[in-house]
Amino acid sequence: MATGTAVFPWECRDKEDQARITFQHPLRRTNQALAEENMKLKRILRENGISWSPVAQAHIKQRDPTMRKTRSSRAAHELGRPYLPTEVILRILKFALKSAHPIIDPLCPTTPEHLSDQEKARGNQIAIHFLATCKALHVEGTRYLWECNDFVFTTPHALRHFGELSPRFRHKITHATLRIVARYYDDQRRRHKLERCYHADLKKDQLLKVQLRPKETPLVRGGFRCYTWTQIVDFLAALRAPYDPTYRDKKNPRPRLLPSLSCLRLDLVNFSDTLLPFSGSELHDIASHELGCTLNELQVTGMPFDDAGMKASAELSGMLKDEGLYLDGPASFIAHARYLQPLSGKKWCARVIRAWKGSGSDSDYGDTSEEDMDDHLAHFSGYHPRLGALPPAPTEEGHPPSTRDEETVIWKRVPASRDVDNRSWLQFSRFSGYEITDPDWDTDDEGICPCCGESHPGSSFLEFMMNDEIVDAD
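According to UniProt numbering, the stretch in the sequence shown is residues 1 to 474, in order.
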């Protein structure tokens, strides 16, 4: 067992994992083609009155008009027995197909090591066999199944396979959860640890789950490596518009995988605070450009608090519309060798993205225009220009009155804690974007954040840095 100084990973996609995914995907396509061919052969046999199983033989006899019907073979309505009204049947169907917990990796086999012990023990959560009762219940039940449930995706290819679902069902989904489990690889037997600062529930450092890979030739870059930020890119890439041969609109681009998605949750698992490198340009390109300004709310758990995590958080916030809500929370899980361990949740650290309404002349820097103002200067001066490409997030109505000027605050309904749906009204400063803790404190500098206990940058921070420079110059 090799020991010594800390070894930092480099970001990459693992060749073996990618090869396995590529190998499994054609097999699924082949099985689908064989299943369609099998159904065609069965239809030919049925049309010619040839049975291929006892069930089919009984079905053919039942449809034979020359066969004498006995009392036991007749349907309930033929005998005059009462039957349930359609409204009651639909209510039962909706209840049977509504899961109390999110459905994990629909249309794709689940990955056991990406599930907790509680999730493995749940078993079947919905009465899916209702869909095989008749055509009418199949049509209505399928719509209920995709409209009334929440879904969790634990691998990028599970999300890509979701594109095989009909667009009319995917169009109704407004919320999704992406569980992104960091993967680490090494070609040496070394011990890597996840420090206890990862979560308050941990009493000591945890052994990091690392998959051993064979050592390559010297020309192939090996050593300790991770699949973290690039995995987020692969998840977000799966949200692109899947190819639909029936789409005929030549003037508009094809809709994304989830066209109505307004709230996205990212559960980052085993994203170390001390090991990860900085994210590359791919994350910025897909989050700020391809999927930029598309969400009203983004929830992220397990984001590292180091410089790499702050950079990635800034990149992901580009997915939010102006005045969108960004929620940052503690990690939901820690990954062990064969399962995930749930971790307790606390209050979200919430902030509003690009909440400032004013113009450049409202800042402390005079008549500086938007084109002439440096991005960092604009941030610290409190001037956040709107992108203007898409409408801002919808205004939430029904909030209580504020003791401040309504032009300086923005109200949002924020979840009470990380894993609950109950929400309460909070007011945020349009200057800093963070929660206002003291309603009587009338200043742009909000001080210490009540969620994370840190002081967030404001104009006073910039003035402090400038004063330091002036002192050093003297």
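For each residue, glycine too, the CB sits at the ideal point set by N, CA and C.
Exercise. How about Ser99 and Asn149: are their beta carbons less than 9 Å apart?
Worked result: The sequence position of residue 99 within the sequence shown is 99, counting from 1. The sequence position of residue 149 within the sequence shown is 149, counting from 1. It is a contact, given that the beta carbons lie within the stated cut-off.
Exercise. With DSSP run on the structure shown, which of helix, strand or coil describes Val352?
Worked result: By one-based count along the sequence shown, residue 352 stands at place 352. Val352: strand per DSSP, three-state reduction.
Exercise. Is Lys203 helix, strand or coil when you go by DSSP?
Worked result: Taking the sequence shown and counting its residues from 1, one reaches residue 203 at position 203. If DSSP states are grouped into helix, strand and coil, Lys203 belongs with coil.
Problem set entry | DSSP state of Tyr339 mapped onto helix, strand, coil | Sequence index remark: in the sequence shown, residue 339 carries index 339 (1-based). In the three-state scheme derived from DSSP, where H, G and I count as helix and E and B as strand, Tyr339 is classed as coil.
Exercise. For Asn48, does the count of other Cβ atoms within 10 angstroms reach 16, so buried, or fall short, so exposed?
Worked result: Position 48 of the sequence shown, counting from 1, holds the residue named residue 48. A residue is called buried once 16 or more other Cβ atoms fall within 10 Å of its Cβ, and Asn48, having fewer, is exposed.
Problem set entry | Spatially closest choice to Ser317 from Cys197, Gly433 and Asp205, by CA coordinates | Taking the sequence shown and counting its residues from 1, one reaches residue 317 at position 317. Distance check between Ser317 and each of Cys197, Gly433 and Asp205 places Gly433 closest, using alpha-carbon atoms only.
Exercise. Should Arg338 be labelled buried (16 or more other beta-carbon atoms within 10 Å of its own) or exposed?
Worked result: By 1-based counting over the sequence shown, the position of residue 338 is 338. Arg338 counts as exposed, since fewer than 16 other C-beta atoms from the protein chains shown sit within 10 angstroms of its C-beta.
For this session: Rounded to whole angstroms, what's the CA-CA distance from Gly292 to Gly302? Just pull it up for me.
Result: As a working mapping, residue 292 is identified with position 292 in the sequence shown. As a working mapping, residue 302 is identified with position 302 in the sequence shown. Those two C-alpha atoms are separated by around 22 Å.
Exercise. Which word fits Asp267, buried or exposed, when buried means at least 16 other C-beta atoms lie within 10 angstroms of its C-beta?
Worked result: As a working mapping, residue 267 is identified with position 267 in the sequence shown. Flag for Asp267 reads buried.
Exercise. Since Thr301 is in the beta strand (DSSP E), which residue starts that stretch and which ends it?
Worked result: By one-based count along the sequence shown, residue 301 stands at place 301. Thr301 -> beta strand (DSSP E) spans Leu295 to Thr301.
Exercise. With 16 as the cutoff for other CB atoms within 10 Å, does Asp244 come out buried or exposed?
Worked result: Here residue 244 refers to the residue found at position 244 of the sequence shown. That one is exposed.
For this session: Just confirm the distance between the C-beta atoms of Phe271 and Pro304, as a whole number of angstroms; I'd bet it's less than 8 Å.
Result: To locate residue 271, count along the sequence shown from 1; it is residue 271. To locate residue 304, count along the sequence shown from 1; it is residue 304. Contact holds; Cβ gap of about 5 Å.
Problem set entry | Residue from Ala350, Arg354 and Ala416 with nearest C-alpha to Leu320 | Position 320 of the sequence shown, counted from the first residue, corresponds to residue 320. In terms of Cα proximity to Leu320, the closest of Ala350, Arg354 and Ala416 is Arg354.
Problem set entry | Complete runs of the beta strand (DSSP E) confined to the region 171-237 [at least 3 residues] | Assignment of beta strand (DSSP E) within the region 171-237, counting only whole runs of 3 or more residues, yields 175-181, 183-186, 210-212 and 225-227 in chain order.
For this session: Could you please give the first and the last residue of the uninterrupted alpha helix (DSSP H) stretch that includes residue 508?
Result: With the chain covering only 1 through 474, there is no way to say anything about residue 508.
Exercise. DSSP state of Gln118, grouped into three classes?
Worked result: If you number the sequence shown from 1, residue 118 lands on position 118. If DSSP states are grouped into helix, strand and coil, Gln118 belongs with the helices.
Exercise. Buried or exposed: Lys209, going by 16 or more other Cβ atoms within 10 Å of its Cβ?
Worked result: Within the sequence shown, the letter at position 209 stands for residue 209. When all chains shown are included, Lys209 counts as buried.
Exercise. Residues in its own chain within less than 6 Å of Arg351 by CB, not counting five upstream and five downstream?
Worked result: The count along the sequence shown starts at 1 and reaches residue 351 at position 351. Excluding residues within five positions, the ones whose Cβ falls inside 6 Å are Tyr326, Gly433 and Tyr434.
Problem set entry | DSSP state of Gly280 mapped onto helix, strand, coil | Sequence index remark: in the sequence shown, residue 280 carries index 280 (1-based). Under the three-state reduction of DSSP, Gly280 is assigned to coil, being neither helix nor strand.
For this session: Please specify which runs of the beta strand (DSSP E), each continuous and at least 3 residues long, are wholly inside the region 89-156, giving them in chain order.
Result: If we require 3 residues or more, the beta strand (DSSP E) runs fully inside the region 89-156 come out as 151-153.
For this session: For Lys40, count neighbouring C-beta atoms within 10 Å of its own C-beta (all shown protein chains included) and say buried if the count is 16 or more, exposed if not.
Result: In the sequence shown, the residue the question calls residue 40 occupies position 40. Its Cβ having fewer than 16 others within 10 Å, Lys40 is exposed.
For this session: Decide if Gly141 is buried, meaning its Cβ has at least 16 other Cβ atoms within 10 Å, or exposed.
Result: Along the sequence shown, read from residue 1 onward, the residue named residue 141 stands at position 141. It is buried - the Cβ of Gly141 has at least 16 other Cβ atoms within 10 Å.
For this session: Determine the extent of the beta strand (DSSP E) in which Lys412 is found, giving its start and end residues.
Result: For this step, residue 412 is matched to residue 412 along the sequence shown. Val409 to Pro415 is the extent of the beta strand (DSSP E) around Lys412.
Problem set entry | Beta-ladder partner(s) of Tyr326, from DSSP | Within the sequence shown, the letter at position 326 stands for residue 326. The partner list for Tyr326 (beta bridge, DSSP) reads Leu298 and Arg351.
Exercise. Excluding the five sequence neighbours on either side, which residues of its own chain have a C-beta within less than 6 Å of the C-beta of Arg71, listed in chain order?
Worked result: Residue numbering aside, residue 71 sits at position 71 when the sequence shown is read from its first letter. Low per-residue confidence applies at Arg71: pLDDT is 46, beneath 50, and the placement is therefore not dependable, though the value from the model is reported in the following sentence. Cβ neighbours of Arg71 within its own chain (closer than 6 Å, five residues either side excluded): none.
For this session: Specify the secondary structure class of Glu396 as computed by DSSP and reduced to three states.
Result: Taking the sequence shown and counting its residues from 1, one reaches residue 396 at position 396. Reduced to three states, the DSSP call for Glu396 is coil.
Exercise. To which residues of the same chain is Lys172 closer than 6 Å at the C-beta, ignoring the five residues directly before and after it?
Worked result: Translated into the one-based positions of the sequence shown, residue 172 becomes position 172. Apart from sequence neighbours up to five positions away, the residues of its chain that approach Lys172 with a beta-carbon distance below 6 Å are Glu147, ordered along the chain.
Exercise. Between which two residues does the alpha helix (DSSP H) carrying Asp307 extend?
Worked result: Position 307 of the sequence shown, counted from the start, is the residue given in the question as residue 307. Its alpha helix (DSSP H) spans residues Asp307 to Leu316.
Exercise. Under the three-state reduction of DSSP, which class applies to Lys40: helix, strand or coil?
Worked result: As a working note, residue 40 is residue 40 in the sequence shown. Looking at Lys40 - three-state DSSP - the assignment turns out to be helix.
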